[in-house]
Amino acid sequence: MRLHRIATSTTSERVPYARHDVPPDYTPRLRLKPKADRGDYIDGAWWPRSGDLTAELPDLLAVLTVRLGPIWRVVYDPTCWAAAPRQTTIHGGHTVRLDSYAFELWNTMYVFGRDNDLIVLRVIPPETDEDIAHTALMAAVTPESASLTG
Numbered sequence: 004m005r006l007h008r009i010a011t012s013t014t015s016e017r018v019p020y021a022r023h024d025v026p027p028d029y030t031p032r033l034r035l036k037p038k039a040d041r042g043d044y045i046d047g048a049w050w051p052r053s054g055d056l057t058a059e060l061p062d063l064l065a066v067l068t069v070r071l072g073p074i075w076r077v078v079y080d081p082t083c084w085a086a087a088p089r090q091t092t093i094h095g096g097h098t099v100r101l102d103s104y105a106f107e108l109w110n111t112m113y114v115f116g117r118d119n120d121l122i123v124l125r126v127i128p129p130e131t132d133e134d135i136a137h138t139a140l141m142a143a144v145t146p147e148s149a150s151l152t153g
């Protein structure tokens, strides 16, 4: 556990670092490959609850911050989302840059951490049937997921 010092009026005390300021309001429907198994193009899949990117991102990014550290940029497929601004503010007042890009692999999202480490997600459309979405979430974390074509 990483610790940092907090200065008080009389002493300095050590307290655990928080991974993020607040927990997500909704647990994202997300599957990620273990960090050691990364190397394929796709690192996991996410099934958002709506097509509103700025409403969906705070909870997703709160979870991904654990693996990536502070997130500074999200590149997304604009054909799959309602119009979004060029940036959004997430938990704790942190600003994240949003860039739309028409990917060859439909419905792909890149999430960049502070050190340019990234996670590539397949985004399952929110209106997808629950059984189909669950199958797609599970398939994204198998070794064959690099061959997913949408």
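Counting in the numbering used here, the sequence shown runs from 4 upward without gaps.
Every residue, glycine too, gets a C-beta built ideally from N, C-alpha and C.
Check your understanding: Helix, strand or coil: which one does DSSP assign to residue 108?
Key -> In the sequence shown, the residue the question calls residue 108 occupies position 105. Residue 108: coil per DSSP, three-state reduction.
Review point. Looking only at its own chain, which residues have a Cβ that is under 6 Å from the Cβ of residue 112, when we skip the five neighbours before and after it?
Key: Locating residue 112 in the sequence shown gives position 109, where the first residue counts as 1. Answer for residue 112: 79, 124, 126, listed in chain order.
Check your understanding: So, helix, strand or coil for residue 148, using DSSP?
Key -> Numbered from 1 along the sequence shown, position 145 holds the residue referred to as residue 148. Because the pLDDT of residue 148 is 48, which lies under 50, any placement of that residue in the model is unreliable, and the question is left without a value.
Review point. To which residues of the same chain is residue 51 closer than 6 Å at the C-beta, ignoring the five residues directly before and after it?
Key: Looking up residue 51 in the sequence shown gives position 48. For residue 51, where only same-chain residues beyond five positions count, the Cβ hits under 6 Å are 59, 129.
Review point. If you count every other CB in all the chains shown that lies within 10 Å of the CB of residue 72, and 16 or more means buried, which is it?
Key: Against the sequence shown, residue 72 aligns to sequence position 69. Under this definition residue 72 is an exposed residue.
Practice item. Measure the Cβ-Cβ separation of residue 105 and residue 81 and say whether it is below 9 Å. Key: Numbered from 1 along the sequence shown, position 102 holds the residue referred to as residue 105. Numbered from 1 along the sequence shown, position 78 holds the residue referred to as residue 81. Against a cut-off of 9 Å, the Cβ pair of residue 81 and residue 105 comes out as a contact.
Point to revise | Short Cβ contact (9 Å threshold) for residue 98 with residue 56 | key: Taking the first residue of the sequence shown as 1, we reach residue 98 at position 95. Taking the first residue of the sequence shown as 1, we reach residue 56 at position 53. No.
Exercise for review: Compare the C-alpha of residue 30 against each of 66, 85, 86, 37 and name the closest.
Suggested key: Here residue 30 corresponds to residue number 27 of the sequence shown, with the count starting at 1. With respect to the C-alpha of residue 30, the residue from 66, 85, 86, 37 having the closest C-alpha is 66.
Practice item. Using only alpha-carbon positions, find the residue among 115, 94, 141, 135 that is nearest to residue 101. Key: Numbered from 1 along the sequence shown, position 98 holds the residue referred to as residue 101. Comparing Cα positions, the closest option is 115.
**Study point:** Span of the alpha helix (DSSP H) around residue 76
**Key:** Taking the sequence shown and counting its residues from 1, the one referred to as residue 76 is at position 73. Element bounds for residue 76: not the alpha helix (DSSP H) but the beta strand (DSSP E), 74-79.
Check your understanding: Pick from 53, 62, 94, 109: whose alpha carbon is nearest that of residue 86?
Key -> Mapped onto the sequence shown, residue 86 falls at position 83. The shortest C-alpha separation from residue 86 is found at 53.
Practice item. Please state if the CB of residue 64 and the CB of residue 48 are separated by a distance shorter than 9 Å. Key: Along the sequence shown, read from residue 1 onward, the residue named residue 48 stands at position 45. Along the sequence shown, read from residue 1 onward, the residue named residue 64 stands at position 61. Result no, Cβ atoms of residue 48 and residue 64 do not sit closer than 9 Å.
Check your understanding: In chain order, what residues of the same chain lie with their CB nearer than 7 Å to the CB of residue 36, ignoring the 5 residues before and after it?
Key -> Walking along the sequence shown from the start, residue 36 turns up at place 33. Scanning its chain for C-beta atoms nearer than 7 Å, with the 5 sequence neighbours on each side dropped, one finds around residue 36 the residues 46, 47, 144, in chain order.
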